[in-house]
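Novice:
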Amino acid sequence: MLKLNEFATLFFPLLPLCMGQKPTLERDVSFLSRLSYWFINRVVSAGHRRGLQLSDLCCLGDEDSAQSLCSALQQQQHRRTEGRSRSQESGEEESLGGNTSHQGVHLSGPALLCHLYGWLRPSLLQVTLLRMTSDLLALLPPQALRCGILYCENQPVFDWSGLTHALALLAAVVCHALVQQVCERHSRMTEVRVQTALTGALYKQALSRCSIPGCLPSPAPSLTPLRADVGRLAELPVSLSAVWSSWVQGTVCVCLLWRELGPSSLAGLAVLLLLVPLTSAVQRRARLLQRSQERVRGERQQLVQEMLKGIKTVKLLVLEAWFQCRVGIAREKELETLRILGFLTAFSLLDRVCVPFLVCVSSLGVYVLVDDGNVLTASQVFTCVCLFTLLRSPFNLLPSLALHLTQTWHSLCHLDHFLFSQEVSHTENGTLSENGVKKSCLEDHSDWCSNETLRETEANTVPLPKHGVSTQI
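According to mature numbering (1 follows the signal peptide of the UniProt record, and there is no 0), the residues represented by the sequence shown are -20 to -1, 1 to 453, in order.
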């Protein structure tokens, strides 16, 4: 399902290229086909047989087209700008005794966030409710399993008629799967809509700047560093819904565990809280080692290329031992990095497999050792195992969500600065129509965004030094 969602995320933005060819594929399909993206199989099979053509695709609906999305975001921006200008004019009339000043509207703060919130408020509410419903429905299978086990414990061995509990367990699993798929579909579609609208707004702003004399003829160089920012900001609705649903799911799981084990459930929570930062540190170290491995591999490949192409045969014969030593050292560094990375990968796999059992054993062991009267039952064991499995996902998700939201905030500041920091209207002569101040092509904003993005990239990645052999010789 996730691969189909990723394919649909890449497939739907290509559909506006064939406007007017065919009606939308989702119009006449069933609910299950729309959830599972089964209607795209015809296009996929046609792409395997031959190259896709415009006649194989279809047009988007009016509400999902790029023109409609960009127009909706622009209308929301105009409404907020007009409301802000009216409030400023009324405030100036009150302060100056009716003397208004004809100044341009300057949007301070994250204006883009306000525009996106006003535009996507229904979609955000829908995605959040679906995410919370999906997480709460994930708690129904453990409870249905608990009720079924309790029913079996109170019945004779050969007189079991718990068909109702089995059907309830199956219905809970099916409902959770359907709601999760609906939530995933709405999340991906909201992400695609935000990305389409922001890309259109950026190109429109860049083209308006390129129309001024002295600017670059193409807006692509100024928009290249902002593509990653657009992608992060498009994932913001999914991240916000995950934050809310994680807290709700974690709280409900803790309450249910407290009902089953009492204070002994805190032992498993303590183990889980201790392992979360350790897992995050291991993942961070693994990412750094991967970047270091890429750097060492780049050094070795560059050295071999210089040895084979940039140096003459006589010089190669003279310096053959020196080259062999340098390549061997680079290869040893790469193998050492791979060895450490293998240990970290093994620890991550061990953490993924053994931590749920370790958490359950710690809680159940404390429950048994605290009081001799505490006797574990099958319903308690299976319910606690399921609840701890569900509880581990929010605990592991929150640290990565905090980092992702921080990066999204920086991306939001970059895009807001590019779009609204010096928003002006130009006449045909290249002068300002309201402010009366001559402006250049506003390349400083794109340069600022490029410098900030470059600084963040240099801070988060390991630089690849240029190793020149000929200069050392």
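Even for Gly, the Cβ is constructed at its ideal location relative to N, Cα and C.
1) Measuring only the C-alpha atoms, how far is residue 385 from residue 211?
2) Distance, Cα to Cα, residue 304 vs residue 280?
3) Once the 5 residues before and after residue 238 are set aside, which same chain residues still bring their CB inside 6 Å of it?
4) To which residues of the same chain is residue 269 closer than 8 Å at the C-beta, ignoring the five residues directly before and after it?
5) According to DSSP, is residue 304 part of a helix, a strand, or is it coil?
6) The alpha helix (DSSP H) that contains residue 279, what's its start and end?
7) Using the three-state DSSP reduction, which class does residue 354 fall into: helix, strand or coil?
8) Please state the DSSP three-state secondary structure of residue 91.
9) Rounded to the nearest angstrom, what separates residue 170 and residue 183 at their Cα positions?
10) Is it buried or exposed, residue 21, if we count other Cβ atoms within 10 angstroms and call 16 or more buried?
11) Taking the alpha carbon of residue 369 as the point to measure from, which residue in 259, 158, 230 and 261 has its own alpha carbon closest?
12) Tell me which same chain residues have a C-beta within less than 7 Å of the C-beta of residue 114, skipping the five on either side of it?
13) According to the neighbour-count rule (16 or more other Cβ atoms, all chains shown, within 10 Å of its Cβ), is residue 179 buried or exposed?
14) Taking a contact to mean a Cβ-Cβ separation below 7 Å, would you say residue 122 touches residue 363 in this structure?
15) Beta carbon of residue 256, beta carbon of residue 375: below 7 Å?
16) Could you check the C-alpha separation between residue 338 and residue 241 for me, to the nearest Å?
17) Which one of 235, 309, 221 and 108 has the shortest CA to CA distance from residue 277?
18) What three-state label does DSSP hand residue 360 in the structure shown?
Specialist: Taking the geometry as given:
1) Computed Cα separation, rounded: 13 Å.
2) 11 Å
3) 245
4) 317, 320, 321 and 324
5) helix
6) 245 to 285
7) Correct three-state label for residue 354: coil.
8) helix
9) 20 Å
10) exposed
11) 230
12) 156, 159, 160 and 163
13) buried
14) yes
15) yes
16) 16 Å
17) 309
18) helix
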